[in-house]
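The sequence shown begins at 13 in the numbering used here and counts up by one. For glycine and all other residues, C-beta sits at the position ideal for the given N, C-alpha and C. The model shown is predicted, which means the values in this text are computed figures rather than measured ones.
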Amino acid sequence: MAIMFVRAQMISRGAGRSIVSAAAYRHRTKMSDKQVGTTFSRRGVSSELVHEELALPDEAPAWLRKAIEGRSVAGASEMLWNAVDAFEKRADAQLARELIISLPEELMRTENIALVREFVRDNLTSKGMVADWVYHDKDGNPHIHLMMTLRPLTKEGFGPKTVAITGADGKPLRVVTPDHPKGKIVYRLWAGDRETMKAWKIAWADTANRHLALAGHEIRLDGRSYAEQGLDGIAQKCLGPAKAALVREGREMFFAPAELARRQEMADRLLADSELLLKQLANERSTFNERDIARALHRYVDDPVDFANIHARLMASNDLVTLKPQLFDPQTGKAAEPAIFTTRDILRIEYEMSQSARVLAERGGHAVPDRRINAAIETVETRDPERRFRLDAEQVDAVRHVTGDSALAAVVGFAGAGKSTLLDAARVAWASEGRRVIGAALAGKAAESLEESSGIKSRTLASWELAWADGRDRLGRGDVLVVDEAGMVSSEQMARVLKVVEEAGAKVVLVGDAMQLQPIQAGAAFRAVTERVGFAELSGVRRQSEQWARDASRLFARRDVEQGLDAYVERGHLVEVETREEAIGRIVSDWTDARRELLRKSADEGSPGRLRGDELLVLAHTNVDVKRLNETLRRVMTAEDALGDSHAFQTERGAREFASGDRIIFLKNARFFEPRAEHPDAQYVKNGMLGTVVSTTDKRGRILLSVRLDNGRDVIFSEDSYRNVDHGYAATIHKSQGATVDRTFVLATGMMDQHLTYVSMTRHRHRADLYAAKEDFEAKPQWGWKSRVDHAAGITGELIGVGGAQFREGKGVDPSPYADVKTDDGVTHRLWGVSLPKALRESGVGVGDTVTLRKDGVEKVKVQVPFIDEETGRKRLEEREVDRNVWTARQVEAVAARQQRIERERHRPELFNQLVERLSRSGAKTTTLDFEDKAGYQAFASDFARRRGISHLAEIAAGIEDYVVRQLARLAGMRKELAVLWERANVALSFVIERERHIAYDDRVQAPSREETRAEDMRDLLAPVKTFSRRVGEGADRGALA
13 MAIMFVRAQM
23 ISRGAGRSIV
33 SAAAYRHRTK
43 MSDKQVGTTF
53 SRRGVSSELV
63 HEELALPDEA
73 PAWLRKAIEG
83 RSVAGASEML
93 WNAVDAFEKR
103 ADAQLARELI
113 ISLPEELMRT
123 ENIALVREFV
133 RDNLTSKGMV
143 ADWVYHDKDG
153 NPHIHLMMTL
163 RPLTKEGFGP
173 KTVAITGADG
183 KPLRVVTPDH
193 PKGKIVYRLW
203 AGDRETMKAW
213 KIAWADTANR
223 HLALAGHEIR
233 LDGRSYAEQG
243 LDGIAQKCLG
253 PAKAALVREG
263 REMFFAPAEL
273 ARRQEMADRL
283 LADSELLLKQ
293 LANERSTFNE
303 RDIARALHRY
313 VDDPVDFANI
323 HARLMASNDL
333 VTLKPQLFDP
343 QTGKAAEPAI
353 FTTRDILRIE
363 YEMSQSARVL
373 AERGGHAVPD
383 RRINAAIETV
393 ETRDPERRFR
403 LDAEQVDAVR
413 HVTGDSALAA
423 VVGFAGAGKS
433 TLLDAARVAW
443 ASEGRRVIGA
453 ALAGKAAESL
463 EESSGIKSRT
473 LASWELAWAD
483 GRDRLGRGDV
493 LVVDEAGMVS
503 SEQMARVLKV
513 VEEAGAKVVL
523 VGDAMQLQPI
533 QAGAAFRAVT
543 ERVGFAELSG
553 VRRQSEQWAR
563 DASRLFARRD
573 VEQGLDAYVE
583 RGHLVEVETR
593 EEAIGRIVSD
603 WTDARRELLR
613 KSADEGSPGR
623 LRGDELLVLA
633 HTNVDVKRLN
643 ETLRRVMTAE
653 DALGDSHAFQ
663 TERGAREFAS
673 GDRIIFLKNA
683 RFFEPRAEHP
693 DAQYVKNGML
703 GTVVSTTDKR
713 GRILLSVRLD
723 NGRDVIFSED
733 SYRNVDHGYA
743 ATIHKSQGAT
753 VDRTFVLATG
763 MMDQHLTYVS
773 MTRHRHRADL
783 YAAKEDFEAK
793 PQWGWKSRVD
803 HAAGITGELI
813 GVGGAQFREG
823 KGVDPSPYAD
833 VKTDDGVTHR
843 LWGVSLPKAL
853 RESGVGVGDT
863 VTLRKDGVEK
873 VKVQVPFIDE
883 ETGRKRLEER
893 EVDRNVWTAR
903 QVEAVAARQQ
913 RIERERHRPE
923 LFNQLVERLS
933 RSGAKTTTLD
943 FEDKAGYQAF
953 ASDFARRRGI
963 SHLAEIAAGI
973 EDYVVRQLAR
983 LAGMRKELAV
993 LWERANVALS
1003 FVIERERHIA
1013 YDDRVQAPSR
1023 EETRAEDMRD
1033 LLAPVKTFSR
1043 RVGEGADRGA
1053 LA
């Protein structure tokens, strides 16, 4: 992925370096140093050289242009640096500055070259510098070496390294000193200093971000240091190209003691400023609990003492906001729900997002007349005379909803519900009103799909934001912004977008499904907004061809994973095996059979051996499983002679064999130019696109892949223009969002949740099969583990027996009542208690019922205890007071209902319950707005509202009135206290003056001795203060909140 790496170094004679040798190494060629008569040859590693340029400023003198005329780039470089070397006379002279810059891996070579050219033009050659740069790519580590001159060019050669700083009048600035009464001229380095280097880093990040956005990539670089970003100490170790290559191959890396020292250094930084970790945690989620904090801290700190200290500081941080306190079970006294926290920044961002949403929802002026809406719907329905259709009532209502008066509208549509069709009709309606309509999505693939299906001109959200920041393509009053896949947009980005729309007076339409894949960054903005402003819902699924499958898709969308899976189990679409290896084998076997059946059908229809390509798709959660599946499925294709001649192609993931007929997937958004294509026009692909290889070589036999995408478009590329591809027989579930195929084969694994299950089980038109291995879902108790029961919390299971037996061994021991309960894990627990029969009888529970038994404390009872009299040796009874357990029983399910349920679920395989438990887990992200009814949220939200003046006028007026009343009462009280204090002070002062006067003028008067002083004479002149109107820490608390 793209990383921010810009390093500068000086090439100087003082370090024993030769500028010509340095240039020869970078250009991977042979050069001669004219000053010492030495030749340097660096041709051995020329394969790493991708591109080279020597960029001159526009005002370059004639002598330089004439000297390099007709030379190659390397030859011109040799001439330039020999000239620089000859001009410098000092033995320790600095000859050139070099920048080493990492290039974004997401960009193609042509795009990276354009990126470097723009950076060099705007920051170096425009300032008069000569830039000699080369593009190297070694083991997937693209970077440039950029050497620049340190002196300005003149008509005769080179100028001075320092230049005078001029003032507003154009004259040199002077500093007056005792040695220079007329002022000493202030100079600066012509080629720049450390501040210039910082500016270059920021300029590089800005330029790279612009090119990444234009290419449709979401990743961004930041030219600031971690300290300037507020993340100092969170930096990770740079692996370098060699270790990075090993990591890409899947090898685990172990670090030497130097890595341990680095971790200790990070621990020290977190000890000094622990809130850095909260900032990083807030980038991933809006709300978190104490366990999340501990897990994030464990990434960096190993020492238990440091861990405890930093954890304590984090929990006491002023940036940490408690949204919900920890809850305890009143019956057991144990923690029932953990405390929920957030940070001040996240709370502010999501609060302002909700305010923008509320303002837009209440703002009108965007309604489209009914006649235009009706005309737009009719236009869409009759556009293709051969394929006429009608929008259903849900879609028509959604069209009217989004074209309504409000400046904010939302549509929640299940997977395959036909959202694109209604947006097409809405676009026609808006266009008839003369409104500008633009579309946006988080991913480039989704943006392209939105444009193709609805006709709305679309780009990625990041691309639009960058354009708006640069003053281009800004929204205007009345414009409409349609955001597709809005469920994947983070809170921070959604807040920015809503603010832009609010300030522009435009309208925004959010379209998505919060149940599908969740945002990568913090927050669940789409869900939070729709819950507050309302939405139109499309629940009519249209993608699946059979009604039962459409019903199952709705169940998955509503989080009912159990019933959704049950529908597939009833029809035999859940395959249960022992191991994952067997599951992969079954997938390959079924995929092979399905492909053969499709080939037979195509032959019957008169197209033997021809498939569209989008009929079959295998889905898995992890890249590791996807790679294994792709390798196995391709071996099947090769064995059946379904592929042409294979040729090796160097991808970003390593060498791959491609042949005509191969399925291929594109892994990065890119726009590129392939000079060897028959029609060398600009081409583009999006992350997750699938296609089929048509050919692998050009007419001269050189490697050139021609691919027919599933949308019907053709792309042609070579290793030099695009490398982010892989085999496409199988794909990750994340890559499949938005895709539609005839049949899917889904490999279920333990890390999947309800969102991934929903996406994977709704990609098909005709059939989907789920494959699960017992080893992935069966519980694996640790060695020595025993089932334990918390009687206070209760035990639930089937009541399999009741009766009485001796609780302990011995003669004459009376039987005690017991109840045997069999839990779901197959373990039988025997519970003892005199009150058990009564509890079971009162609750109406019988043997065979499912019951919950809980020990509800103890009661004091008097019992007759037998014992042997030591004197007489006879047995007699004695009354004693003892504690007796009190049991309560609750019927969960009657035996008849249980038998009916078992009969009804008889078709479910053994693994079904464990599968449902895992796949039903919610990975849904939360927002601070989910806790706006809690006191912690309201306190801080009110504070934000007061600070920004955006709370209601009535609340402001009430607050001001209450404050004024309290202040007036406080002043009145202080006035009375001051009057009393002033009276006492006058009395005290008079007493002192009178006493001093007697002592001064009458030496006969003696002061009373300590023995003569009485207690009543020691009354305080100023009454001691025992109570305070404000506690000591309150001032500090108010300061922290301010």
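Requested in this report: Alpha carbon to alpha carbon, how far is arginine 539 from phenylalanine 266? Give it in angstroms, no decimals.
Outcome: No answer about phenylalanine 266 holds up, because its pLDDT of 48 lies below 50 and its placement is not dependable.
**Report entry** For valine 159: DSSP bridge partner residues
**Finding:** As written in the sequence, residue 159 is methionine, which differs from the valine given in the question. In the DSSP secondary-structure assignment, methionine 159 is bridged to Glu110, Asp144.
Query raised in the report: If you pair each beta-carbon of the segment 633-649 with each one of the segment 596-607, do three or more pairs fall below 8 Å?
Result: With a cut-off of 8 Å, the segment 596-607 and the segment 633-649 count as touching, because enough Cβ pairs lie within range.
Query - Which residues DSSP lists as bridging tryptophan 844, in chain order - result: Tyr830
Query raised in the report: Alpha carbon to alpha carbon, how far is alanine 373 from alanine 379?
Result: Computed Cα separation, rounded: 13 Å.
Query - Three-state class that DSSP yields for tyrosine 1013 in the structure shown - result: Reliability of the predicted coordinates at tyrosine 1013 is poor, the pLDDT of 43 falling under 50, and the value obtained from them is presented with this limitation in mind. Of the three classes helix, strand and coil, the one that applies to tyrosine 1013 here is helix, per DSSP.
Query - Element boundaries [alpha helix (DSSP H), containing leucine 628] - result: Taken as a continuous stretch (DSSP letters only), leucine 628 belongs to no alpha helix (DSSP H), being part of the beta strand (DSSP E) at 628-632.
**Report entry** Beta carbon of arginine 38 nearer than 8 Å to that of valine 132
**Finding:** no
Query raised in the report: Should glutamate 890 and threonine 862 be called a contact, given that it needs their Cβ atoms to be closer than 8 Å?
Result: no
Query raised in the report: If you run the structure through DSSP and keep just helix, strand and coil, what is methionine 16?
Result: In the three-state DSSP reduction, methionine 16 falls in the coil class, being neither helix nor strand.
Query raised in the report: What are the residues that DSSP puts in a beta bridge with proline 184?
Result: Thr178
Query raised in the report: If we count the other Cβ atoms within 10 Å of its Cβ and call it buried at 16 or more, is histidine 778 buried or exposed?
Result: Within 10 angstroms of the beta-carbon of histidine 778 lie fewer than 16 other beta-carbons, which makes it exposed.
Report task. Return the CA-CA distance between alanine 108 and leucine 92, expressed in angstroms with no decimal places. Result -> 11 Å
Query raised in the report: Which stretch, first to last residue, makes up the alpha helix (DSSP H) that contains arginine 129?
Result: 121-135
Query raised in the report: Rounded to whole angstroms, how far is the Cβ of phenylalanine 789 from the Cβ of leucine 631, which I believe are closer than 8 Å?
Result: In fact, because the Cβ distance is near 17 Å, the residues do not count as touching under 8 Å.
Query raised in the report: Closest to glutamate 549 by CA distance: which of Gln106, Val424, Lys872 is it?
Result: Val424
**Report entry** Pair within 8 Å by beta-carbon distance, leucine 852 and valine 894
**Finding:** no
Requested in this report: Under 8 Å by Cβ, that's how I've got valine 521 and valine 495 pegged, so tell me the actual separation to the nearest angstrom.
Outcome: Yes, they are in contact, since the Cβ atoms of valine 521 and valine 495 sit about 7 Å apart, within 8 Å.
Requested in this report: Within 10 angstroms of the Cβ of histidine 192, are there 16 or more other Cβ atoms? Answer buried if so, exposed if not.
Outcome: exposed
Query raised in the report: Cα separation between alanine 105 and glutamate 168?
Result: For alanine 105 and glutamate 168, the distance between alpha carbons rounds to 20 Å.
Requested in this report: Report the rounded CA-to-CA distance for isoleucine 361 versus asparagine 295, giving the unit in angstroms.
Outcome: Their Cα atoms are separated by approximately 12 Å.
Query raised in the report: Of the residues Phe678, Phe685, Ser733, Val719, which one's Cα is nearest the Cα of alanine 742?
Result: Phe678
Report task. Take isoleucine 125 and list the residues in its own chain whose beta-carbon comes closer than 6 Å to its own, dropping the five residues that flank it on each side. Result -> Correct list, in chain order: His63.
Report task. Compute the Euclidean distance between the alpha carbons of alanine 67 and aspartate 738, then round it to the nearest angstrom. Result -> 37 Å
**Report entry** Cβ shell of aspartate 602 (< 7 Å), same chain only, five flanking positions each side left out
**Finding:** Within the same chain, Phe757, Asp781 come within 7 Å of aspartate 602 by CB-CB distance, once the 5 residues on both sides are set aside.
Query raised in the report: Based on the DSSP output, what are the partners of lysine 42 in its beta bridges?
Result: Ser53
Query - Burial state of lysine 7, where buried means 16 or more other Cβ atoms lie within 10 Å - result: This structure does not reach residue 7, given that the chain is present from 13 up to 1054, and the question cannot be answered.
Query raised in the report: Just reading off the alpha helix (DSSP H) that lysine 613 is part of, what are its end residues?
Result: 592-616
Query raised in the report: Under a three-way DSSP split, which group does glutamate 6 fall into?
Result: The shown model of the chain, from 13 to 1054, leaves out residue 6, and the question about it has no answer.
Requested in this report: Pick helix, strand or coil for phenylalanine 300, following the three-state DSSP scheme.
Outcome: strand
Query raised in the report: Less than 8 Å separating the beta-carbons of alanine 347 and glutamate 302?
Result: Against a cut-off of 8 Å, the Cβ pair of glutamate 302 and alanine 347 comes out as no contact.
Query raised in the report: Taking DSSP as the reference, what is the three-state secondary structure of threonine 354?
Result: strand
Query raised in the report: With a CB to CB cut of under 7 Å and the five nearest residues on each side skipped, what residues in its chain are close to glycine 179?
Result: These residues qualify, in order along the chain: Leu185.
Query raised in the report: Under a Cβ-count criterion, where at least 16 other Cβ atoms within 10 Å of its own Cβ denotes burial, should arginine 200 be classed as buried or exposed?
Result: exposed
**Report entry** Distance between beta carbons of serine 432 and serine 466, contact taken as under 8 Å
**Finding:** 5 Å
Query raised in the report: Is leucine 335 near leucine 290, with beta carbons less than 8 Å apart?
Result: Leucine 290 is positioned such that its CB atom lies no closer than 8 Å to that of leucine 335.
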